[in-house]
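S.K.:
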Amino acid sequence: RRHCLQLAAAIGAANTAPRVWGAPSITVRLSHVVARDTPKGMALERFRALTEERSQGRLRVQIYPQGQLYGDHDEMQALQLGAVDMVAPSLSKFGPIGFPEFELFDLPFLFDTLEAVRRLTRGKVGKTLLDSLQRQRLSGLGFFDNGFKHMSANRPLLEPRDFVGLRMRVQASRVIAQQMRAWGAWPVTLPFSETRRALETGVVDGTENPVSNFWTQGMQAVQSDLSLTTHGYLGYAVVTHQRFWENLPAGDRRIMQGALEDALVFGNEIADAQNDKALAALHLTGAAHIHNPTPAQTRLLKNASKPVHAELAARIGQDWLRTVQNALP
Ligand code: LMR
11 RRHCLQLAAA IGAANTAPRV WGAPSITVRL SHVVARDTPK GMALERFRAL TEERSQGRLR
71 VQIYPQGQLY GDHDEMQALQ LGAVDMVAPS LSKFGPIGFP EFELFDLPFL FDTLEAVRRL
131 TRGKVGKTLL DSLQRQRLSG LGFFDNGFKH MSANRPLLEP RDFVGLRMRV QASRVIAQQM
191 RAWGAWPVTL PFSETRRALE TGVVDGTENP VSNFWTQGMQ AVQSDLSLTT HGYLGYAVVT
251 HQRFWENLPA GDRRIMQGAL EDALVFGNEI ADAQNDKALA ALHLTGAAHI HNPTPAQTRL
311 LKNASKPVHA ELAARIGQDW LRTVQNALP
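Just so you know, the sequence shown maps onto residues 11 to 339 in UniProt numbering.
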């Protein structure tokens, strides 16, 4: 009887004691290239918190931000080799590694709103794209947004003639490279983590990104002008390797899947706000001159983009682009 009372007391004590998690049974290593306080950094942090909470610490997520562990050029390879378990590259980075269908997201002026992008990613096109990753034994777990890209340099970039002669850093995307050429600039492909330094040392003259990436890398210290061209979309896909994903106990996989779904919804909710906050900070500090193109200037950029659309259609097939166009509002 005394033994039973001791046990009851122990259980009572356990119920009121603060929650202490034991050692994790699985640690998920997640690598990405941007800062923590960006839409991507925050969405992935939410994924970590939800996974750990819902598994009561049995599942841990170790996040390596800012390209600390792997950069643009090697993160996919690290995933293939099992050196990390999850990555969330921008959609622009899928083309060069064997998934040219993803290049559609880089087309200048294809999307008017984030809602239009979401219609695409949540529908048949999105599913086809995620499924295509199986060709390399990858599992695509979902899409999420950063936002629209703008142009920076040490001068305003509002219409094609402003770009002439400039060396512009681009992601490893043929479409973005072609966009820069179509507007008169020289594209220079560089990993994200090397971009700020390349701007600082004059290796390149300018670049493009949503404002949250511009601000959190401190690019305003090395670029005097930001032109709000809103010319292209930047979003991400969360990717894991089938070897890792399919070997997870079904219950753990469900927890992670649910946590990720919620985290990506959260990411999409805060993306606009993070970009707005970064723009407000730029205005407030006066760290860069901010310019808005006139409708006529935007029209010039749009007109000059036509060959970029035609070239991609020739490369990935008119049918695929037609499917995409039909899915847009
Ligand atoms: C870039 O390389 O410019 C961006 O895609 C970085 C990122 O992942 O947001």
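For glycine and all other residues, C-beta sits at the position ideal for the given N, C-alpha and C.
Decide if L40 is buried, meaning its Cβ has at least 16 other Cβ atoms within 10 Å, or exposed.
M.R.: L40 should be labelled buried.
S.K.: Can you name, in chain order, every residue of its own chain whose Cβ lies under 7 Å from the Cβ of T217, other than the five neighbours on each side?
M.R.: Hits under 7 Å: S162, M178, R179, T205, L209.
S.K.: Assuming the contact rule is C-beta atoms closer than 8 Å, S203 and G105 should be a hit. Round their C-beta distance to whole Å, please.
M.R.: Wrong, their Cβ atoms sit about 20 Å apart, outside the cutoff.
S.K.: Considering only heavy atoms of the ligand LMR, does any lie closer than 7 Å to the CB of L54?
M.R.: Flag unset: Cβ of L54 not near the ligand LMR.
S.K.: Between G194 and V174, how many whole angstroms is the CB-CB distance? I'm expecting something under 8 Å.
M.R.: About 4 Å; that satisfies the 8 Å criterion.
S.K.: From the DSSP output, which residues share a beta bridge with R178?
M.R.: A small correction: the amino acid at residue 178 is Met; Arg does not occupy that position in the sequence shown. M178 is bridged to P197, G216.
S.K.: What is the rounded straight-line gap between the Cα of G296 and the Cα of R68?
M.R.: Near 47 Å, if we compare the C-alpha coordinates of R68 and G296.
S.K.: Using alpha carbons as the reference points, say which of L167, M96, H42 lies closest to W255.
M.R.: That would be M96, whose Cα lies nearest to the Cα of W255.
S.K.: Return the first residue and the last residue of the alpha helix (DSSP H) that F224 is part of.
M.R.: Taken as a continuous stretch (DSSP letters only), the alpha helix (DSSP H) holding F224 covers 221 to 226.
S.K.: Shortest alpha-carbon distance to M86 belongs to which of V249, E169, V214?
M.R.: Checked all of V249, E169, V214; the closest Cα to M86 is V249.
S.K.: For the beta strand (DSSP E) that I300 lies in, which residues bound it at each end?
M.R.: That run of the beta strand (DSSP E) goes 299 to 301.
S.K.: Can you tell me whether G152 is helix, strand or coil according to DSSP?
M.R.: Of the three classes helix, strand and coil, the one that applies to G152 here is strand, per DSSP.
S.K.: Any heavy atom of the ligand LMR closer than 7 Å to the CB of K312?
M.R.: It does not: the Cβ of K312 is nowhere closer than 7 Å to a heavy atom of the ligand LMR.
S.K.: For S162, verify whether its CB is less than 7 Å away from any heavy atom of the ligand LMR.
M.R.: False, no ligand heavy atom lies under 7 Å from that Cβ.
S.K.: For a quick check, are the C-beta atoms of F224 and A288 less than 8 Å apart?
M.R.: Contact: yes.
S.K.: Taking G81 as part of the alpha helix (DSSP H), name the residues at either end of that continuous run.
M.R.: Run containing G81: none; DSSP gives neither H nor E here.
S.K.: Measuring straight from C-alpha to C-alpha, what distance separates Q307 and L168?
M.R.: Q307 and L168: Cα-Cα distance of roughly 6 Å.
S.K.: Can you check which of these residues, G32, G277, F121, is closest to G51 by C-alpha distance?
M.R.: If we check each option's Cα against that of G51, G277 comes out closest.
S.K.: Closer than 6 Å by C-beta to F115: which residues in its own chain qualify, once you throw out the five before and the five after it? Chain order, please.
M.R.: Answer for F115: L101, Y243, listed in chain order.
S.K.: Using the C-alpha atoms, what's the distance from A247 back to S237?
M.R.: Computed Cα separation, rounded: 27 Å.
S.K.: Is there at least one non-hydrogen atom of the ligand LMR closer than 7 Å to the beta-carbon of D282?
M.R.: Incorrect: D282 has no Cβ contact closer than 7 Å to the ligand LMR.
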